[in-house]
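The next block holds one structure in the form of C-alpha cells; read it before the comments.
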Amino acid sequence: MATMASTLSGRPPDVKEVHIVWITAGLGCDGDTISVTNAEQPSIEDVILGAIPGLPKVHLHNPVLAKEVGNEFMEYFYRAERGELDPFIFVVEGSIPNETIKREGYWAAQGTDPETGQPITTCEWIDRLAPKAWAVVAAGTCATYGGIHAMEGNPTGCMGLADYLGWDFRSVADIPIVNVPGCPVQPDNFMETALYLLYQAAGLSPMIPLDERLRPTWLFGKTVHEGCDRAGYYEQSDFAHEYGSPKCLVKIGCWGPVVNCNVTKRGWMRGVGGCPNVGGICIACTMPGFPDKFRRDVFGRRGRRLRRANPQAAQHHQQYRQQGTELAASGAASHHRLSATNVLVSTATATL
Ligand code: SF4
Ligand code: SF4
8 MATMASTLSG RPPDVKEVHI VWITAGLGCD GDTISVTNAE QPSIEDVILG AIPGLPKVHL
68 HNPVLAKEVG NEFMEYFYRA ERGELDPFIF VVEGSIPNET IKREGYWAAQ GTDPETGQPI
128 TTCEWIDRLA PKAWAVVAAG TCATYGGIHA MEGNPTGCMG LADYLGWDFR SVADIPIVNV
188 PGCPVQPDNF METALYLLYQ AAGLSPMIPL DERLRPTWLF GKTVHEGCDR AGYYEQSDFA
248 HEYGSPKCLV KIGCWGPVVN CNVTKRGWMR GVGGCPNVGG ICIACTMPGF PDKFRRDVFG
308 RRGRRLRRAN PQAAQHHQQY RQQGTELAAS GAASHHRLSA TNVLVSTATA TL
C-alpha cells in the first residue's frame, strides 16, 4: 500500500530515517533549544511523530529534550561517531571556545572519555562529528557568530562554528554550514530550516539556498525595518522619544534598518511579537558582531545627521573571533563597532 509520503510526493523519501544529533555544550544557555519547543511551523512534535508528509522518520537526540540521561544519552554521540546513525544532521548550540589558548583545564565539554576519565570537550565532539554529518547546523547567534560569549575582553577566545570549522566547510553531502542566528533563534525559523534539510535528505528539495553569512536566504533576506509595523511612522519622520510610544523607535536605538531578521513579519509565537512591533528596539541579535558592534553609545544621540547606507558593514564580525593558539587581541573591537556615522538609519529626508 502506498504511504502518505509516496502518495503526496510521487515517490518515497530517499532515506527512511534521519537522526538529529544536537549538542548544547557550546558556551550558551540552552535558550535555543527552549525556544524551538515553541515552534509550530512545524512543531518538533509534528516532525518526530511523522505528521508531515514526505519526511523520513526523524529521531531527535537533544540533551535537554531527551528522555535518556548520562551514558544512555551519550551513546547516540558514540554511535554517530561510529557511523551507526547515518545519515545524521549535527546541530551545534552555543559559542565554540578556543581550547588551545591555555595550558590546562577546559572551557566546555559533554560526557567523559571512558578510557581516560577526562571530559570530552565540545571542540572534540565537533571535530569527531562534523566531518561525518550529512549536514551541520549552527542554532542561534552564539553558534553562528559567537554571540554574547564572544564579546570583547572574554577570556575563552570563543567564536562561531564557521570560524572554527572554516567558512568553506562542506558536509559529506557537500552542504555548507547552515547558520540560523537569533538570540535565541526564532522557533519557526529553526524548525523550517530543519524541515527544509529533512526534505533535502529525502531527495525532495534542491540544495538549501544560503547567503554569504550562510543564512537561509528566504528567512534572512530582508531587514527588520522592511517588515516593521512602525515603518509608516518612520516614513513620516515621526519618532518615539521614549518607550511606550507607538511611533518609530530609531531615535531610541533601533537597529532595524541594517539588521537581517524576519520577526517583524513572522512574529515570535503564533504570529505575535517581533521586537519593534511590540515595543522593543531591535538590538541586532541575529547579526555577525552582535553585541559589540551594535552598542548604542553613539547611536542614541539626538541631533546627529543620518548617514548614507552601508549595510555591508553590519555583515562582518570582529577579527578576534578566530582560531589560533593565542587569545586574539580584542582591543581592536572598538574600531569595528558600528555607529550612526557609518550605518544607514533612515531615508535621506529624516534626521536624528
Ligand atoms: S527603525 Fe526600527 S522601529 Fe523604526 S520602522 Fe525601522 S525597524 Fe521599525
Ligand atoms: S528584531 Fe532585532 S532584536 Fe528582535 S529578534 Fe530580530 S534581530 Fe533580534
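Going by the working numbering, the first residue of the sequence shown is number 8, and it counts up by one from there. Glycine included, C-beta positions come from ideal geometry on N, C-alpha and C.
Item	Value
Minimum Cβ-Cβ distance from Ala157 to chain B less than 8 Å	The structure shown contains no chain B, having only a single protein chain.
Contact check, Val43 vs Met294, beta carbons under 8 Å	no
Gly278 versus Asp175: straight-line alpha-carbon distance, rounded	35 Å
Heavy atom of ligand 1 within 7 Å of Ala238 beta-carbon	yes
Stretch-stretch touch, CB-based, cutoff 8 Å, three pairs: the stretch 233-241 with the stretch 205-212	no
Cross-strand partners of Ser102 (DSSP beta bridge)	Leu34
Val231 and Thr271 closer than 8 Å at C-beta	yes
Run of the beta strand (DSSP E) containing Lys109, from where it starts to where it stops	It is not in any beta strand (DSSP E) - Lys109 carries neither H nor E in the DSSP assignment.
Cβ-based neighbour list, Gln193, same chain, cut-off 6 Å, excluding 5 preceding and 5 following	Val270
Same chain, Cβ closer than 7 Å to Pro94, neighbours up to 5 away in sequence not counted	Val22, Val25, Trp141, Ala208
Exercise answer, beta-carbon shell around ligand 2 heavy atoms below 6 Å	Gly189, Val231, Val266, Cys268, Val270, Cys282, Cys289, Ile290, Ala291, Cys292, Thr293
Beta-carbon spacing of Gln322, Arg220 below 8 Å	yes
Exposure label - Met214; buried when at least 16 CB within 10 Å	exposed
Collapsed DSSP secondary structure at Val305 in the structure displayed	Residue placement at Val305 is poorly supported in this model, since its pLDDT is 45, which falls under 50; the coordinates are not used for a value here.
Runs of beta strand (DSSP E) lying entirely within the stretch 144-194, each at least 3 residues, in chain order	185-187
Beta-bridge partners of His29, as assigned by DSSP	The question names His, yet the displayed sequence has Trp at residue 29. Val98.
Candidates Gly147, Asn45, Arg86, of which the one nearest Arg135 by Cα	Arg86
Buried or exposed (CB count within 10 angstroms, at least 16 for buried), Asp170	buried
Supposed contact pair Ile27 and Val65 - C-beta distance, whole angstroms, cut 8 Å	7 Å
Residue span of the beta strand (DSSP E) that contains Gly118, given as start and end	116-119
Beta-carbon separation (whole angstroms), Ala145 vs Gly124, contact threshold 8 Å	That pair is no contact at about 30 Å.
Identity of the residue in Pro223, His68, Thr163, Ser212 nearest Ile108 by Cα	Thr163
DSSP three-state assignment for Cys130, whether helix, strand or coil	helix
Which of helix, strand or coil DSSP assigns to Met294	coil
For Thr129 and Ala32, believed in contact at Cβ under 8 Å, the rounded distance	5 Å
Check: Gly228 C-beta below 7 Å from any heavy atom of ligand 1	no
Alpha-carbon spacing of Phe97 relative to Ile184, whole angstroms	10 Å
Contact under 8 Å by Cβ, Pro298 with Ile155	yes
Bridge partners - Phe84, DSSP secondary structure assignment	In the DSSP output, where bridge partners are listed per residue, Phe84 has none listed.
Close-in-space but distant-in-sequence residues of the same chain around Cys235 (CB under 7 Å, 5 per side omitted)	Gly263, Thr271, Pro283, Asn284
Under the three-state DSSP convention, the category Leu226 falls into	helix
Under 8 Å between C-beta atoms of Arg328 and Ala180	no
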